[in-house]
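Here the protein sequences line up with chains A and B, keeping their order. Position one of the first sequence corresponds to residue 969 (the numbering used here), numbered consecutively onward. Position one of the second sequence corresponds to residue 969 (the numbering used here), numbered consecutively onward. Glycine included, each C-beta is placed from N, C-alpha and C at the ideal position. Computed from a predicted model, the values in this text were never measured in an experiment. Read the structure below first, then the notes.
2 protein chains.
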Amino acid sequence: MQKKDINGLTEQEFLDKYDPTMFERLSMSVDTVIFSIDTKLQTSNYRKLDDQKLTVLLVKRNEHPFLEHWSLPGGFIGVREAPAKAARRVLRNKTGLDDLYIETLGTYGEPDRDPRMRIISSTYLSLLDRDKFKLQASPYVADSAWFEVEVTDRELVLCGEGQQLVIPYEKAAIRNGKIKTVEYQVTESNPLAFDHGKILLDGLMRLRHKIDDTDIVFNLLPEEFTITQLQQIYEIILGGKLLAPAFRRKIAPKLQETGRYVQEKGHRPSQYFMYKE
Amino acid sequence: MQKKDINGLTEQEFLDKYDPTMFERLSMSVDTVIFSIDTKLQTSNYRKLDDQKLTVLLVKRNEHPFLEHWSLPGGFIGVREAPAKAARRVLRNKTGLDDLYIETLGTYGEPDRDPRMRIISSTYLSLLDRDKFKLQASPYVADSAWFEVEVTDRELVLCGEGQQLVIPYEKAAIRNGKIKTVEYQVTESNPLAFDHGKILLDGLMRLRHKIDDTDIVFNLLPEEFTITQLQQIYEIILGGKLLAPAFRRKIAPKLQETGRYVQEKGHRPSQYFMYKE
DNA sequence: TGAATAGTGTCTGTCAGACATTATGGG
DNA sequence: CCCATAATGTCTGACAGACACTATTCA
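What follows is the structure, given as structure tokens:
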């Protein structure tokens, strides 16, 4: 099609003359909120079940700004790289894993979120099966570790590497036209780098919401698992207790029996199940 | 804190020396998917109810590339402007409205999505009350108009300005770890500019999902409305019929009676309701 | 046998689907 | 009275909450 614009140019002529520096440009990064489940072995009593904790992957910065602060794994988006690809690259570099569940979380771009310059961050949410995962050392960061996540009404507490990072937050009601929505606001001064406290909190809330209209939890579990393990994950993520009979009924259609049972516990052995469909 | 990095610099020294051109930069835009409801007056039979249609706002480009193609309203993000602010600015410029429901939709950044240069787009979803809305002419676009949205299994059809834009799509199952998710793929050659066909489709699916776990529909309606109007909107967005008694029961807790009734129709008058809480 | 957990049975109240019925206004 | 839509009544089956009960293993 040889349509001409107001300057009498065809599309090809226009593109040949186009000056990409006409508009000011900026940098873009990706940051990833990577959740997993950590099983705490119960050595005190062989009869007790192992405790499960929700964990999130953090890396310790070895550069300014926020030198030695913990942060979400992230990196710059290449000039010829799609954002989701960049997120997968970051995950691959930090964890050695491909082919993860990855989902867009949001765009964070307050002008002052990075003291160096204007950087807009596209963020992603991911969930790892703890059995397949192997944390690798990376030259880009001082350290990386899983932090246990505990949430209350007012704060998010991250525990790991002998440290405890406390991120206070507030639930704010935002009015959008006639309806109200809730937004989580994190105070400026929190131990995480940049606005990563806010991103992490948003990721957690997204996870809570996603858990009961998708099957993402199964990406947190090994191939075979017991219903109790599964229920514990729901409880950890949703932050409350669930009744076993109701839970079993609801989850049953998604489960496949294996006929194999947990051994060597001082109580009735539980069956291993697999994800079905 | 006067921590020094591997080059022996404090944070202030590091920032003073920081060269923002060290990493290649790119441009960012926002694009907005703005839905509304259009009431078609039923002039043929005074007894019939007015028909309601889901509509989306499109603008006609007056520049290369995609000269004279219809596209979603959008614009570049300023270097000191937050993305959500940019989306609100775009909406304000096109519609004269502030204070809308606005929600992040996703980030679109395939390297070749814009033939001029690398542009990553942050997209937003919005819903307008048709009563408060006034479409304004803008010097930045050749035309702007509401297009009626019709969806089938295979295509999205947009009707407006005497034109019919057909956007074929396919539902693709994407495997993410153990679970499957659905993704909507739009063919390259469709009448909308850039990847706006895909963005619009994603926006519609998000809207469908949002409709039954938030109260966003009420932002599409005037202050007072009948339950049938409300039900029609659900039907339009979800793409199917609902049973009146069940719908009334479910929606009742969110409604406030007004005691006022629709006049001058040849059937039992329906009561006007308001959104409650 | 008792501790600890796995798993089932069942009562009850709520609620959605389905369909029938009544209400109302204007020609 | 008929048309067209508004609004309610009610039967039924599915299902979640709640709690009691049975099953299994090992020290």
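Cβ distance (whole Å) where residue i is taken to contact residue j below 8 Å
| i | j | result |
| --- | --- | --- |
| B/LEU1256 | B/PHE1115 | Lying before the first or after the last residue shown, residue 1256 of chain B is absent from chain B, which here runs from 969 to 1245. |
| A/LYS1163 | A/TYR1076 | The displayed chain sequence assigns Asp, not Lys, to residue 1163 of chain A. Confirmed, about 6 Å. |
| B/PRO1041 | B/VAL1027 | 5 Å |
| B/GLU1192 | B/MET1242 | 6 Å |
| A/MET996 | B/LEU1169 | At roughly 24 Å, the Cβ-Cβ gap does not stay under 8 Å, so A/MET996 and B/LEU1169 are not in contact. |
| B/ILE1147 | A/TYR1069 | 7 Å |
| A/LEU1095 | A/ILE1195 | Wrong, their Cβ atoms sit about 19 Å apart, outside the cutoff. |
Straight-line gap, residue i to residue j (C-alpha atoms, nearest Å)
| i | j | result |
| --- | --- | --- |
| B/VAL1001 | B/LEU1093 | 5 Å |
| A/PRO1033 | B/GLU979 | 6 Å |
| A/GLU1049 | B/ALA1161 | 21 Å |
| A/PHE1186 | B/THR1091 | 30 Å |
| B/ASN1144 | B/LYS1100 | 43 Å |
| B/ILE974 | A/ASP1082 | 20 Å |
| B/GLU1129 | A/ALA1054 | 40 Å |
| B/PRO1079 | B/ARG1057 | 26 Å |
| B/ILE1219 | A/GLY1064 | 49 Å |
| A/GLY976 | B/GLU1031 | 11 Å |
| B/ILE1045 | B/HIS1037 | 22 Å |
| A/ASP1180 | B/VAL1109 | 43 Å |
| A/GLU1118 | A/LEU1124 | 6 Å |
| A/THR1205 | A/MET1085 | Before going on, a small fix: residue 1205 of chain A reads as Ile here, not Thr. About 35 Å. |
| A/GLY1234 | A/ARG1015 | 5 Å |
| B/VAL1150 | A/SER1106 | 34 Å |
| B/PRO1237 | B/LEU1188 | 22 Å |
| A/ASP1006 | A/PRO1190 | 12 Å |
Chain-ordered neighbours of residue i on chain B, where CB pairs are closer than 8 Å
| i | result |
| --- | --- |
| A/HIS1164 | Within chain B, no residue comes near A/HIS1164; the closest Cβ sits about 17 Å away, beyond 8 Å. |
| A/ILE1204 | Neighbours of A/ILE1204 on chain B: none; closest Cβ ~19 Å, over 8 Å. |
| A/TYR1152 | Near A/TYR1152 there are no residues of chain B at all, since even the closest Cβ is about 14 Å away, more than 8 Å. |
Where residue i falls, given that 16 or more other Cβ within 10 Å makes a residue buried
| i | result |
| --- | --- |
| B/ALA1052 | buried |
| A/ALA1214 | exposed |
| A/GLN1153 | exposed |
| B/HIS1177 | exposed |
| B/SER1004 | buried |
| B/ASP1097 | buried |
| A/ASN1013 | exposed |
| A/TYR1229 | exposed |
| A/GLN1200 | buried |
| B/SER1157 | exposed |
| A/LYS971 | exposed |
| B/LYS912 | Examination of residue 912 of chain B is not possible in this model, given that chain B is present from 969 through 1245 alone. |
| B/ILE1142 | exposed |
| A/ASP999 | buried |
| A/ASP1066 | exposed |
Partner residues on chain A for residue i, Cβ-Cβ distance less than 7 Å
| i | result |
| --- | --- |
| B/LYS1146 | PHE1186, ASN1187, TYR1243 |
| B/GLY1077 | ALA1050, PRO1051 |
Proximal residues of chain A, C-beta to C-beta of residue i below 9 Å
| i | result |
| --- | --- |
| B/GLY1171 | None at all; the shortest Cβ gap to chain A is about 13 Å. |
| B/GLU979 | HIS1032, PRO1033, PHE1034, LEU1035, PRO1083 |
Partner residues on chain A for residue i, Cβ-Cβ distance less than 8 Å
| i | result |
| --- | --- |
| B/LYS971 | LEU1035, GLU1036 |
| B/ASP1066 | The contacting residues do not exist; B/ASP1066 stays about 11 Å from chain A at best. |
Cross-chain neighbours of residue i in chain B, by beta carbon under 7 Å
| i | result |
| --- | --- |
| A/GLY1074 | THR1072 |
| A/PHE1183 | The sequence shown places Asp at residue 1183 of chain A, not Phe. Going along chain B in sequence order, the residues near A/ASP1183 (Cβ under 7 Å) are ILE1147. |
| A/ILE1088 | MET996, PRO1051 |
Chain-ordered neighbours of residue i on chain B, where CB pairs are closer than 9 Å
| i | result |
| --- | --- |
| A/TYR1069 | ASN1144, GLY1145, LYS1146, ILE1147, THR1149 |
(request) May I ask you to list, following chain order, the residues of the region 1127 to 1141 of chain A that have a beta carbon less than 7 Å from some beta carbon of chain B? (result) Those residues of the region 1127 to 1141 of chain A that come within reach of chain B (Cβ to Cβ, closer than 7 Å) do not exist; the list is empty.
(request) Give the residues from the region 994 to 1010 of chain B that approach chain A closer than 8 Å (Cβ to any Cβ), ordered along the chain. (result) Of all residues in the region 994 to 1010 of chain B, LEU994, SER995, MET996 have a Cβ within less than 8 Å of some Cβ in chain A.
(request) Could you run through the region 1036 to 1052 of chain A and flag, in chain order, every residue whose CB is less than 9 Å away from some CB of chain B? (result) Taking 9 Å as the Cβ-Cβ cut-off, the region 1036 to 1052 of chain A approaches chain B at GLU1036, PHE1044, ILE1045, GLY1046, VAL1047, ARG1048, GLU1049, ALA1050, PRO1051, ALA1052, given in chain order.
(request) Output, in sequence order along the chain, the residues in the region 1017 to 1034 of chain A whose CB is closer than 9 Å to any CB in chain B. (result) Sequence-ordered contacts of the region 1017 to 1034 of chain A with chain B read ASN1030, GLU1031, HIS1032, PRO1033, PHE1034 [C-beta pairs closer than 9 Å].
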